[in-house]
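This note's numbering puts the last residue of the sequence shown at 655; the count rises by one with no breaks.
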Amino acid sequence: MNWTLESIHNTFTQTGFYQSHHVSASFEESTLTLIFNEFGDLPIIMAIGDGQILVEAALVERHEFENPSEIDYRLLTTHKYLPLSTIGIQPIGGIDWYVIFGALSTNSKIEVIIEELQLLVRNTFHVIDTLEPLYRFNTLKP
């Protein structure tokens with residue numbers, strides 16, 4: 514099947530994915546926003562283009578770190594340990610954010626799409642937990 518956001522949304526509704534995973538959803542322009550309520554209302558943005566389904570979560574603003582270049586190096590040298598996810602920097606509202614994302618074919622089975630979403634949620638929290646001690650507010654000396 515060649516998925517569209519609407520067909521994914523309809524399938525998630527019909528199969529009970531939203532209810533069983535405590536996810537709420539909304540369409541905004543050309544994206545489907547999935548809010549994972551049991552994970553701190555984590556928003557995952559889903560978009561489709563060029564034969565790919567892209568799923569993405571914003572992690573943290575880049576300026577939240579004393580030395581963003583050090584964080585860039587750490588992320589780039591360790592993100593290979595995050596299955597099916599990649600980390601990048603993307604401007605959101607004029608501010609550079611670290612984001613985590615994954616991509617898969619629009620011809621993927623729905624089970625693969627669900628697996629990608631679940632891994633992205635887990636990986637998001639792994640990265641946030643790893644970076645938290647390095648946030649500027651945690652490194653300030655009294």
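Even for Gly, the Cβ is constructed at its ideal location relative to N, Cα and C.
Check	Outcome
DSSP state of S539, grouped into three classes?	strand
Between the beta-carbon of I665 and the beta-carbon of L633, is there less than 8 angstroms?	Absent from the model: residue 665. The displayed extent of the chain is 514 to 655, so no value can be given.
Look at the Cβ atom of V536, then the Cβ atom of L547, and state whether they are nearer than 8 angstroms.	yes
What would DSSP say about D642, mapped onto helix, strand or coil?	helix
In the DSSP assignment, what are the bridge partners of F525?	DSSP, once it has assigned bridges, lists no residue as partnering F525.
In terms of residues, what are the limits of the alpha helix (DSSP H) holding Y586?	P581 to T591
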